[in-house]
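S.K.: If you want our numbering, it's the position in the sequence shown, counting the first as 1, plus 620. Think of the CB as a built atom: it goes at the ideal place given N, C-alpha and C, for glycine as much as any other residue.
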Amino acid sequence: MKIEIDDDVAQQVQSLTSIKLCDRDYYYFTDWLLRVGVGTVKSALQKQPELTLGDLVMLQYRKHDLH
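(1) Looking at I625: is its Cβ nearer than 9 Å to the Cβ of V633?
(2) Determine the DSSP secondary structure at S663, reduced to helix, strand or coil.
(3) Hey, could you find the ends of the alpha helix (DSSP H) M678 is sitting in?
(4) Would you check if the distance between the CB atom of A664 and the CB atom of L671 is smaller than 9 Å?
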């Protein structure tokens, strides 16, 4: 499966390194960041079994006052 990367996401990924990334690099780093993120969420849910994925999303939402 291939997922298109928005320009905004590509810029955020590019901002993490001083090396100029090509399309293939964006996919590699975005995939890596996604895997790290999924691992982080799994770890958080294991450490706090009373929370759900929805709870974590809402915590982030409220913390950044996105509503």
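M.R.: On the basis of the supplied data:
(1) Within the sequence shown, numbered from 1, the residue matching residue 625 stands at position 5. Within the sequence shown, numbered from 1, the residue matching residue 633 stands at position 13. Cβ atoms of I625 and V633: closer than 9 Å.
(2) Position 43 of the sequence shown holds residue 663. Correct three-state label for S663: helix.
(3) Within the sequence shown, the letter at position 58 stands for residue 678. First-last of the alpha helix (DSSP H) with M678: 673 to 683.
(4) Residue mapping note: residue 664 aligns to position 44 of the sequence shown, counting from 1. Residue mapping note: residue 671 aligns to position 51 of the sequence shown, counting from 1. Yes, these two residues count as a Cβ contact at 9 Å.
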